[in-house]
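S.K.: Chains as they are written, first to last, in my numbering: chain E, 1 to 81; chain C, 1001 to 1854.
Below is one structure. I have some questions about it.
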Amino acid sequence: MANGWSLLVGLIFILVFCAVAWFASPKGENQTIWRSTLILSAWSCYIMWAVTFLAQWHPLIRPERGDLRPRVVDHGPDGMF
Amino acid sequence: MAQHKDTLFRSADMSLTQLYIANEIGREVVSALGELGVMDFRDLNQSTSAFQRTFTQEIRRLDNVERQLRYFQSQMEKASIPMRSIYEFDNILAAPSASEIDELADRSQSLENRIASLNESYETLKKREVELTEWRWVLREAGGFFDRARGQTEEIRQSMDNDDAPLLRDVEQSGSNADAPADRSFSVMNIGFVAGVIPRERIAAFERILWRTLRGNLYMNQSEIPEPIINPETNEEISKNVFVIFAHGKEIIAKIRKISESLGADLYSIDENSDLRRDQIHEVNTRLADLASVLRNTKQTLDAELTAIGRSLVAWMVIIKKEKAVYQTLNKFSYDQARKTLIAEAWCPTNYLGLVKSTLQDVNDRAGLSVPTIVNQIKTTKTPPTYVKTNKFTLAFQTIIDAYGTAKYTEVNPGLPTIVTFPFLFAVMFGDFGHGMILTMAAIAMIYWEKPLSRGKLDELFSMAFYGRYIMLMMGIFSMYTGLIYCDAFSKELALFPSMWEWPKNFKVGETVVAHRMDDYVYPFGMDWRWHGASNDLLFSNSYKMKLSIILGWSHMTFSLCLSLVNARHFRSKIDIWGNFVPGMIFFQSIFGYLVFCIIYKWSVDWYKVGQNPPGLLNMLIYMFLSPGTVDEQLYPGQAGVQVVLLLLAVAQVPVMLFLKPFYLRWEHNKARAMGYRGIGENTRVSALDDDDDEGQNMNGGRDSFADDEDGAVMITQDIGDNEHEEFEFSEVMIHQVIHTIEFCLNCVSHTASYLRLWALSLAHQQLSIVLWDMTLMNAFSMGGALGVFATVVAFYLWFVLTVFVLCVMEGTSAMLHSLRLHWVEAMSKHFIGDGVPFEPFSFKVLLEEEPVE
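Structure, rendered in structure tokens:
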């Protein structure tokens, strides 16, 4: 589902979002604030997400634990989505 | 000229305006401008002391009215009569006319007299009442004393006749006197008495002094008055004692009187005859009843008067405060004697000039004056004040910037990006979905109840949080986002998507199990939740968060550095672009931009598939400087060459940064001098003021100066203040640039390292919340039965309270301070010039906010 291409898809999504934010920001004296806030927020969030994604793309270590019991593994959570 | 809108991006364009106001409407004009609140008036009479100014008389008069109003307020507090709140008035902003002010002054004068006289008579009556009450107590208590004393007349006499009488004789003879006629009058036996009331705490001293001075020649009786007596002057309760002293001989009685009066006792005359005493008590009682009704009436009148005042006192206070501010502002104007006009100079945002003009026109029309108020724009070399228009959302963010320094006029205002970067960097340190939610909800509650909260009185800590409620909202929202990225909600994992890791199916209990990865699948959003509880979780998240902080720091600093380019372009200073921005940017990117590139490149390579050992980036960066040209573990082919080029590029920028700007400035200066230009104020000064000095004109120089409306060039008093032109001195520029270069290069290293605090604090926050969970709720969950239920409830409250106070309030404050530092030091040092003058407009709104009328 998610692989290396996701980074690019995310980037395109953010670019589209920025374009929409630029043009759809409410007119008036607060337009600059709307534009700057929306676009900067989008970029900050993208950087954070992308870094996290990259860090797990080709992980060098794998999770280990010593306190597992077989039952837990069978009924472990599988994600909401 | 095409006007652009004033935005948060830069401070507003300002114009120095000159106003010529007809003397008759000076007050009205200033009052109207105070309502607008966009004019920053310059003081044109700086050399004159406060007492010599034109409107000192008026200010004194208003001071007096203000004092009277405060007197009413204190009287109302004393009588605990409530005032009508300022928020119940609709039109307190309507400016009063001069006659209304006069009327108000007269009225408060007469009211003050009336209240003062009412108060005085009330206090006199009250004093009288106290005296009567005390007298009544004396009369009541004295009866018993007299009866007792009568039985001992012989002793009183004997003890007085014979100083050396043995003490025991009293006891021996007490029986023999029992048959003596008990109702013999005291006066017959020459025994006098003094009756009165004295404060209880003095009674011991009183007795001792009497005993010592009279050598025991007295017989004293006293009893406590059960109810405290109220002193009408101070409204304090004092408990007092009644005393009656019997003694022999007139001189001794006189002595006793003197002593008791000097000790603050009140003496009352009573009769020894019990019938007469009864009559006296009756009389006192009727007088007290009369007095009480009079007192009640007086009090009612006073209260009614104060209540009537209380209905409009706040409005009066506001009016007087405004009026005083108007005259204080008028004192800054210079007065043209000949033409009966006031001349004012003020800084005003250029975009508001139209509004100012139309307001002045309105005032003129209302006054019906034929002479218009003239508004002149002056060209000046002075630095205009920095004015950034804020609203309630941006105010707190702008305050963060202004706390560091006032931005230079029209330089890029860092307040605009701060709206995002400040809460975001906070959230990187605070990242936890649950804690972010608490923060967001608190902020939303404060915003929802904004109006009632802003009117009430808040304590210092809460009012600070309330002031920053919009910052808090942004911080909360971003914390929720970063919490999702970190996959933390109250330190527990959030399993949003299927994990990319799978535990193997068969293993022994207690064995260390290693998860294996699902094929070609990367966890799509944030950290994989399978890392939670893994024994090597910290190993992974530390490496991730460390690199995350470096990348965020690099982005933040690059962004800030770019703002310096915007500044240089705005101030049309090419040399700042080529001498500072470009070399600085190349230096920064060739070291830390390269580091960021390497981090991302290393992540994007599948080292297991390549079958190569992943190189350590820290060592790579260190050896890039220590031994350029050699690479131990290769990251990518051709790495050694690239690194040498980048290093040379970075080193080459240092001399460019050091010498380009100072030498260019010197060359420019020499060229200008060679062409015959001199700096203003270097040798000659050309201004209207000088002409006035030459001619020895009046102090304002008003007569000979006239406004030339076409080019708006006359500056009558513009040369007040320092001469802002500095001479060019090469050594100074050079030193400045050397400092800047050293600072910039070293700061690139230390500032990047400084962003590692993002990693450290987010690690600390996460670990602390894990510990808190393990110590409270997890322990409770491990118990069973009724004890388990009880323990869970107790542990939950403990956990919740600690979460709010330790993890949200304390940790939040610390993360906020670190974020503040990253903005003030790491980001703003890259572009902020910050030598501006704050814009302080004459505004009634600001005035009332600074000194609120309660």
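Idealized CB from N, CA, C, for every residue including glycine.
None of these values were measured; they are calculated from a predicted model.
Quick check: residue 1121 of chain C and residue 1298 of chain C, are their CB atoms within less than 8 Å of each other?
M.R.: Yes.
S.K.: Thinking residue 56 of chain E and residue 1500 of chain C are a contact (beta carbons under 8 Å), I'd like their distance in whole angstroms, please.
M.R.: That belief holds up - the Cβ atoms of residue 56 of chain E and residue 1500 of chain C are roughly 7 Å apart, short of 8 Å.
S.K.: What does the alpha-carbon distance come out to for the pair residue 1497 of chain C and residue 1781 of chain C?
M.R.: Roughly 27 Å separates the two Cα atoms.
S.K.: When you check each C-beta in the segment 1410-1433 of chain C against every C-beta of chain E, which residues fall closer than 8 Å?
M.R.: Here the close residues are 1416, 1417, 1419, 1420, 1421, 1424 and 1428.
S.K.: Skipping 5 residues on each side, what residues in its chain have a beta carbon closer than 8 Å to that of residue 1772 of chain C?
M.R.: Here the set comprises 1491, 1799, 1802, 1803, 1806 and 1807.
S.K.: Do residue 1200 of chain C and residue 1239 of chain C have their C-beta atoms within less than 8 Å of each other?
M.R.: Going by C-beta atoms, residue 1200 of chain C is nearer than 8 Å to residue 1239 of chain C.
S.K.: Determine the DSSP secondary structure at residue 1397 of chain C, reduced to helix, strand or coil.
M.R.: Of the three classes helix, strand and coil, the one that applies to residue 1397 of chain C here is helix, per DSSP.
S.K.: Need the endpoints of the beta strand (DSSP E) that residue 1341 of chain C sits in, please.
M.R.: Residues 1341-1349.
S.K.: Hey, is residue 15 of chain E's beta-carbon within less than 8 Å of any beta-carbon in chain C?
M.R.: Residue 15 of chain E does not count as touching chain C.
S.K.: What number of angstroms, rounded off, separates the C-alpha of residue 1007 of chain C from the C-alpha of residue 39 of chain E?
M.R.: Distance between the alpha carbons of residue 1007 of chain C and residue 39 of chain E: 17 Å.
S.K.: Just the chain E side, please: which residues come within less than 7 Å of residue 1009 of chain C by C-beta, in chain order?
M.R.: The contacting residues are 32.
S.K.: With respect to the alpha helix (DSSP H) encompassing residue 1848 of chain C, which residues constitute its N-terminal and C-terminal limits?
M.R.: 1844-1850 is the extent of the alpha helix (DSSP H) around residue 1848 of chain C.
S.K.: Residue 1199 of chain C lies in the beta strand (DSSP E); which residues open and close that run?
M.R.: Its beta strand (DSSP E) spans residues 1191-1199.
S.K.: Output the distance between the C-alpha atoms of residue 1304 of chain C and residue 1310 of chain C, rounded to the nearest integer angstrom.
M.R.: About 10 Å.
S.K.: Quick one: what's residue 1375 of chain C bridged to in DSSP?
M.R.: Paired residues: C:1019.
S.K.: Please compile the residues from chain C whose C-beta is within a distance smaller than 7 Å of the C-beta of residue 25 of chain E.
M.R.: None at all; the shortest Cβ gap to chain C is about 12 Å.
S.K.: Are residue 1591 of chain C and residue 1018 of chain C closer than 8 Å when you measure CB to CB?
M.R.: Cβ distance not < 8 Å, so residue 1591 of chain C and residue 1018 of chain C don't count as in contact.
S.K.: Looking at the secondary structure, which residues open and close the alpha helix (DSSP H) in which residue 1219 of chain C lies?
M.R.: It is not in any alpha helix (DSSP H) - residue 1219 of chain C instead sits in the beta strand (DSSP E) that spans 1219-1224.
S.K.: What residues from the segment 1512-1523 of chain C come within 8 Å of chain E, judged by C-beta to C-beta, listed N to C?
M.R.: Answer in chain order: 1512, 1513, 1514, 1515, 1516, 1517, 1520, 1521, 1522 and 1523.
S.K.: Whose CA, out of C:1340, C:1257 and C:1356, lies closest to the CA of residue 1346 of chain C?
M.R.: Residue 1346 of chain C has its Cα closest to that of C:1356, out of C:1340, C:1257 and C:1356.
S.K.: Taking Cβ positions only, does residue 1528 of chain C come closer than 8 Å to chain E?
M.R.: True, the Cβ-Cβ gap to chain E drops below 8 Å.
S.K.: I'd like to know if the segment 1349-1365 of chain C and the segment 1063-1070 of chain C are in contact, where contact means that at least 3 CB-CB pairs between them fall below 8 Å.
M.R.: Contact between the segment 1349-1365 of chain C and the segment 1063-1070 of chain C is absent, because fewer than three Cβ pairs lie under 8 Å.
S.K.: Just to check my reading of the structure: residue 1417 of chain C and residue 36 of chain E have Cβ atoms closer than 8 Å, yes? What is that Cβ distance to the nearest angstrom?
M.R.: Yes, residue 1417 of chain C and residue 36 of chain E are in contact; Cβ-Cβ is about 7 Å, under 8 Å.
S.K.: Give a single yes or no on whether residue 55 of chain E has its beta carbon closer than 7 Å to a heavy atom of the ligand NAD.
M.R.: What this structure holds is no ligand at all, so the ligand NAD is not there to describe.
S.K.: Taking Cβ-Cβ distances below 7 Å as the criterion, which residues of the segment 1594-1619 of chain C are in contact with chain E?
M.R.: Cβ contacts with chain E: 1600, 1603, 1604, 1605, 1606, 1607 and 1614.
S.K.: Look up residue 1655 of chain C in the DSSP assignment and say whether it is helix, strand or coil.
M.R.: Three-state DSSP puts residue 1655 of chain C in a helix.
S.K.: Using the beta-carbon of each residue, which ones in chain E are nearer than 7 Å to residue 1005 of chain C?
M.R.: Near residue 1005 of chain C (Cβ distances below 7 Å), the residues of chain E are 29.
S.K.: Who does residue 1661 of chain C pair with in a DSSP beta bridge?
M.R.: None, per the DSSP bridge assignment.
S.K.: Could you give the DSSP three-state label for residue 20 of chain E: helix, strand or coil?
M.R.: Of the three classes helix, strand and coil, the one that applies to residue 20 of chain E here is helix, per DSSP.
S.K.: Might you give, ordered along the chain, the residues of its own chain that have their beta carbon closer than 8 Å to the beta carbon of residue 68 of chain E, omitting 5 neighbours on each side?
M.R.: Once the five neighbours on either side are set aside, residue 68 of chain E has no close Cβ partner at all.
S.K.: Please tell me whether residue 1667 of chain C has its Cβ less than 8 Å away from any Cβ of chain E.
M.R.: Not one chain E Cβ lies under 8 Å of residue 1667 of chain C.
S.K.: Assign residue 1264 of chain C to one of two classes, buried (16 or more other C-beta atoms within 10 Å of its C-beta) or exposed (fewer than that).
M.R.: Classification for residue 1264 of chain C: exposed.
S.K.: Please classify residue 1290 of chain C as buried or exposed, where buried requires at least 16 neighbouring CB atoms within 10 angstroms.
M.R.: Exposed.
S.K.: Going along chain E, which residues have a C-beta under 9 Å from residue 1552 of chain C?
M.R.: Within 9 Å Cβ-Cβ: 44, 47, 48 and 51.
S.K.: Would residue 1713 of chain C be called buried (16 or more neighbouring beta carbons within 10 Å of its own) or exposed?
M.R.: Summary for residue 1713 of chain C: the model assigns pLDDT 39, below 50, so the residue's position carries little reliability, and this model does not support an answer.
S.K.: Between the C-alpha atoms of residue 1324 of chain C and residue 1811 of chain C, what's the straight-line distance to the nearest angstrom?
M.R.: Taking the straight line from one Cα to the other gives about 47 Å.
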